[in-house]
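Just below is one structure, and these are the notes that go with it.
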Amino acid sequence: MKIKSAILILIILVLAIEPAVILASDGKSYIYDGYIYDYWGDALESPAAFQLECVIDENSFGGMKVQGINDVCTSKDGRIFLVDTLESRIHVMNEDGEMIKSIKVIRDENNKIVLDPITGSQLVLTQPQGVFVHEKQHELYIADTGANRVIVLNSDTYVHKRTIEKPENMSGVSEFKPSKIAVDTSDRIYIVVQSSYEGIIELNEDGTFSRYFGVNSPTVNLIDYFWKSIASDEQKEKMKKNFAPAFNNVALDGEGFIFAVTYDSASQDSVFRLNSQGKNVLREMGNTFVVGDIWSMGSKKENSQFVDVAVTDYGTYAVIDRLKGRIFLYNFDGELLNVFGSIGKLKGEFQIPSAISWLNDKLVVSDSTLKCAYILAPTQFGEAILRANEYYYYGKWDEALGWFEKAVELNANYEIGYTGIGKNYLMKDDYKKAMYYFKLGNAKTYYSQAYNGRRAEVLKENFWIVAVLFVILIGVIVGSEIRYFKKKGGNT
Amino acid sequence: MGAVSKKEKLYYLKRALFHPFDGFYEIRFRNKGSVGIAAILLVLYGILQCISYQYTGFIVNEKPLHEMDSISIFISSITILLLLVVSNWTVTTLFNGKGKLKDIFIVVCYSLIPLIVVESIYTFASNFIIEEEAMILSAIRWLGIAWMVFLILGGLCVIHEYSFGLNLVTLVITAVAAVILVFLGVLFFTLMERMISFFSSVLEEFMRRM
Chain A
47 MKIKSAILIL IILVLAIEPA VILASDGKSY IYDGYIYDYW GDALESPAAF QLECVIDENS
107 FGGMKVQGIN DVCTSKDGRI FLVDTLESRI HVMNEDGEMI KSIKVIRDEN NKIVLDPITG
167 SQLVLTQPQG VFVHEKQHEL YIADTGANRV IVLNSDTYVH KRTIEKPENM SGVSEFKPSK
227 IAVDTSDRIY IVVQSSYEGI IELNEDGTFS RYFGVNSPTV NLIDYFWKSI ASDEQKEKMK
287 KNFAPAFNNV ALDGEGFIFA VTYDSASQDS VFRLNSQGKN VLREMGNTFV VGDIWSMGSK
347 KENSQFVDVA VTDYGTYAVI DRLKGRIFLY NFDGELLNVF GSIGKLKGEF QIPSAISWLN
407 DKLVVSDSTL KCAYILAPTQ FGEAILRANE YYYYGKWDEA LGWFEKAVEL NANYEIGYTG
467 IGKNYLMKDD YKKAMYYFKL GNAKTYYSQA YNGRRAEVLK ENFWIVAVLF VILIGVIVGS
527 EIRYFKKKGG NT
Chain B
560 MGAVSKKEKL YYLKRALFHP FDGFYEIRFR NKGSVGIAAI LLVLYGILQC ISYQYTGFIV
620 NEKPLHEMDS ISIFISSITI LLLLVVSNWT VTTLFNGKGK LKDIFIVVCY SLIPLIVVES
680 IYTFASNFII EEEAMILSAI RWLGIAWMVF LILGGLCVIH EYSFGLNLVT LVITAVAAVI
740 LVFLGVLFFT LMERMISFFS SVLEEFMRRM
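These protein sequences, in sequence, are chains A and B.
All the letters of the first sequence, read from the start, carry residue numbers 47 to 538 under the working numbering.
All the letters of the second sequence, read from the start, carry residue numbers 560 to 769 under the working numbering.
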């Protein structure tokens, strides 16, 4: 009897301490390994902010041949536009990854194929590389790279609206070979031409040339600088010129600023937030600069190479590194929120990621080699950090506080979470609590602000003690001076 | 030369601080220094380094506290000074310096006092400052460091009977000598490690064949 009950208890114990297996809700999602950088630049493990929800592959295209997806764009109502450059097609999918339409031949309202006014041939996409949905005018901009033009369609009915050819008044030496495209709220069109060192081409609404936009400054090599400073003009002519690195992709943020990325290693910055003068006004307030991985890793010692950036309305942006297949999430302050993703051949891993875009809270990432696109949904942790940063951005402190607390609960090493909680308490003048959380979050500047408030409070509360101490100190100094002079006076 | 009382030694410690040329002259040539006091100061300095690592105020403390290892902090801060003493002695014997190893040790350790004072003020006060005031504190700290450098330079000049220029030259060579010393030390320990592992493997082999 005793033995039986002992065995029973043993079995219960074994069952109770069996490790809990963590599965995603559907039990099959691919969960990435995430990490962040702490105050000292050490990489800390972190839950990943996103998990694989759905794969858009050849099956989703209904047997249509796909050769690689080079750009992705989403509309507010949840449609996904995928660009297949080699097949010259644009696929329109719904948010579940089901096909709505595939565009290759451009048609007008009467479902007739549009003819090119100059050549008289049919208007067919020729190796487009970029696509952009302009929500305000319900327009779909297609950068038709192979034919050096931009085709504008109605984004709801996909009928032809207009074609933008190379503007006659365009200056400079850049070829008009639109690769990526973005349109801002004032209907100005921004066109990226790969390997153009003059900047982003800005067109007016009517398709006339406005200016080159955004200057990307190259890093100056100290040795080159020395040789150039002593070289004659003729020698300088023969030297390799340091051209400004080209931008590789553009996006638009909620405030109408242009985000641009470059993976040229000669560039000083890799992510740009360009104001109307073309200056980079990206905020870099976090522990790290917005450069992706802060240590160059691998045999080639290469840094992260960003191919695309996607920005939410609340300033949180995701950039994707084509070298290591990692997605970096930054908030509007430039604080690194999370890193996840990897190169590989498993489901959910990348070969050569090409583009990224937000689909409300989800991310759509395309891969040019794997011929597929992934829809990634936020995990519990991802949801917490996205909501926290959204509410923080809009100044809703109480809601943000709750989500930051959730994030910290899921990841006790999450410095940004602690800092976020502290910021909320600082807003409410609860200095003591704010100091506690800023210390956990290693936020020295904020801690200093909170401490300033706390110190003033303590001094105010203990005003009489401080005043008495101060008077005694003054008294001692004055008294010793008097004694000293008396002694001196006695001597003389 | 009779025994110098403890009180007198402490007096000359104070004298060396405020009148380094006079003070160190007395210490060198009239035997008014104390190796004991110097050693105490050195240990104090090592302990203070550990304390300041941990207890410097959060706002100015950029050291990773979770990696703190007080023994290695203590040993490394003391070793650097001892290395300076030894390598300076090796160099100055070649350069006709009059100072003995004991004198160099006393000069270096006595000169630590301003640093010890300033570091403890810094560590204590940094707990009660905000970021904007940190600059004032670090200015005070730099004053202390400047004072220490002045004491070491002056003291070495006096005990070796060097001109200032020659003193600087020997200090540069001292730095080179210190690097060589470290190199030799590393070499020695690596060779020792090889040798020990060789003998131990031979022994192991021997035991197995028995």
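Idealized CB from N, CA, C, for every residue including glycine.
Here the structure is a predicted model, which is why all the values come from computation and not from measurement.
One or two residues paired with residue i in a DSSP bridge
{"i": "Asp123/A", "result": "Per DSSP, none; premise fails for Asp123/A."}
{"i": "Asn200/A", "result": "Glu185/A"}
{"i": "Gly521/A", "result": "In DSSP, Gly521/A forms no bridge with anything."}
{"i": "Lys591/B", "result": "In DSSP, Lys591/B forms no bridge with anything."}
{"i": "Ile227/A", "result": "Ile237/A"}
{"i": "Cys100/A", "result": "Ile421/A"}
{"i": "Asn384/A", "result": "Leu375/A"}
{"i": "Phe255/A", "result": "Leu249/A"}
Same chain, Cβ closer than 6 Å to residue i, neighbours up to 5 away in sequence not counted
{"i": "Val67/A", "result": "In this prediction, Val67/A scores a pLDDT of 40, lower than 50, which makes its location untrustworthy; the coordinate-derived value is nonetheless stated afterwards. None."}
{"i": "Gly371/A", "result": "Gly387, Ser388, Ile389, Phe396, Pro399"}
Which of helix, strand or coil DSSP assigns to residue i
{"i": "Met751/B", "result": "helix"}
{"i": "Thr209/A", "result": "strand"}
{"i": "Leu766/B", "result": "The residue you asked about is not Leu; residue 766/B is Met in the sequence shown. Helix at Met766/B."}
{"i": "Asn321/A", "result": "coil"}
{"i": "Pro174/A", "result": "coil"}
{"i": "Trp404/A", "result": "strand"}
{"i": "Pro264/A", "result": "strand"}
{"i": "Arg153/A", "result": "strand"}
{"i": "Arg135/A", "result": "strand"}
{"i": "Gln613/B", "result": "helix"}
{"i": "His578/B", "result": "coil"}
{"i": "Tyr483/A", "result": "helix"}
{"i": "Leu653/B", "result": "helix"}
{"i": "Ile421/A", "result": "strand"}
{"i": "Pro673/B", "result": "helix"}
{"i": "Asn295/A", "result": "strand"}
{"i": "Gly390/A", "result": "coil"}
{"i": "Gln281/A", "result": "helix"}
{"i": "Ile68/A", "result": "Residue confidence for Ile68/A is low, a pLDDT of 43 falling below 50, so the modelled location carries little weight; the figure read from the coordinates is stated next. Coil."}
{"i": "Glu507/A", "result": "helix"}
{"i": "Gly80/A", "result": "strand"}
{"i": "Lys622/B", "result": "coil"}
{"i": "Phe427/A", "result": "helix"}
Own chain, CB closer than 7 Å to residue i, minus 5 neighbours either side, in chain order
{"i": "Val261/A", "result": "Gly245, Ala290, Gly324"}
{"i": "Phe723/B", "result": "Cys716"}
{"i": "Leu472/A", "result": "Ala480, Tyr492, Gln495, Ala496"}
{"i": "Thr682/B", "result": "Ile610, Ser611, Tyr614, Thr615"}
Option in the options with minimal Cα separation from residue i
{"i": "Glu214/A", "options": "Tyr464/A, Thr254/A, Arg234/A, His137/A", "result": "Thr254/A"}
{"i": "Ser232/A", "options": "Val238/A, Tyr243/A, Asn349/A, Glu251/A", "result": "Glu251/A"}
{"i": "Glu133/A", "options": "Cys100/A, Glu348/A, Gln175/A", "result": "Gln175/A"}
{"i": "Val365/A", "options": "Arg319/A, Met331/A, Val327/A, Leu392/A", "result": "Arg319/A"}
{"i": "Asn105/A", "options": "Tyr81/A, Glu144/A, Arg125/A", "result": "Glu144/A"}
{"i": "Arg501/A", "options": "Phe687/B, Val644/B, His625/B", "result": "Phe687/B"}
{"i": "Asp379/A", "options": "Arg329/A, Phe335/A, Lys532/A, Asp407/A", "result": "Arg329/A"}
{"i": "Glu692/B", "options": "Val619/B, Ala598/B, Tyr604/B, His578/B", "result": "Val619/B"}
{"i": "Ser685/B", "options": "Tyr497/A, Ser526/A, Phe531/A, Lys534/A", "result": "Tyr497/A"}
Distance, residue j Cα to residue i Cα
{"i": "Asp476/A", "j": "Asn488/A", "result": "18 Å"}
{"i": "Asp339/A", "j": "Glu381/A", "result": "13 Å"}
{"i": "Asp79/A", "j": "Lys150/A", "result": "38 Å"}
{"i": "Gln426/A", "j": "Lys474/A", "result": "27 Å"}
{"i": "Asp123/A", "j": "Leu416/A", "result": "27 Å"}
{"i": "Phe303/A", "j": "Asp359/A", "result": "11 Å"}
{"i": "Ala401/A", "j": "Phe352/A", "result": "10 Å"}
{"i": "Asp88/A", "j": "Ile431/A", "result": "20 Å"}
{"i": "Lys566/B", "j": "Ile586/B", "result": "14 Å"}
{"i": "His770/B", "j": "Gly466/A", "result": "Any property of residue 770/B remains undetermined from this structure, which presents chain B solely from 560 to 769."}
{"i": "Ile373/A", "j": "Val219/A", "result": "34 Å"}
{"i": "Asn470/A", "j": "Lys452/A", "result": "14 Å"}
{"i": "Phe516/A", "j": "Asn655/B", "result": "56 Å"}
{"i": "Ser756/B", "j": "Ser350/A", "result": "43 Å"}
{"i": "Tyr258/A", "j": "Val731/B", "result": "55 Å"}
{"i": "Arg574/B", "j": "Tyr584/B", "result": "10 Å"}
{"i": "His180/A", "j": "Ala446/A", "result": "30 Å"}
Close-in-space but distant-in-sequence residues of the same chain around residue i (CB under 8 Å, 5 per side omitted)
{"i": "Leu569/B", "result": "Ile596"}
{"i": "Leu69/A", "result": "At Leu69/A the pLDDT is 43, less than 50, meaning the model places this residue with poor confidence; the figure from the coordinates comes in the next sentence. Closer than 8 Å at Cβ, skipping near neighbours: no residue."}
{"i": "Leu169/A", "result": "Val151, Ile152, Ile159, Val160, Leu161, Asp162, Ile197, His206, Thr209"}
{"i": "Ser71/A", "result": "Note on Ser71/A: pLDDT 48, under 50, position unreliable in the model; no value is reported."}
Chain D within 8 Å of residue i, Cβ atoms only
{"i": "Ser92/A", "result": "Note that chain D does not occur in the displayed structure, where the protein chains are A and B."}
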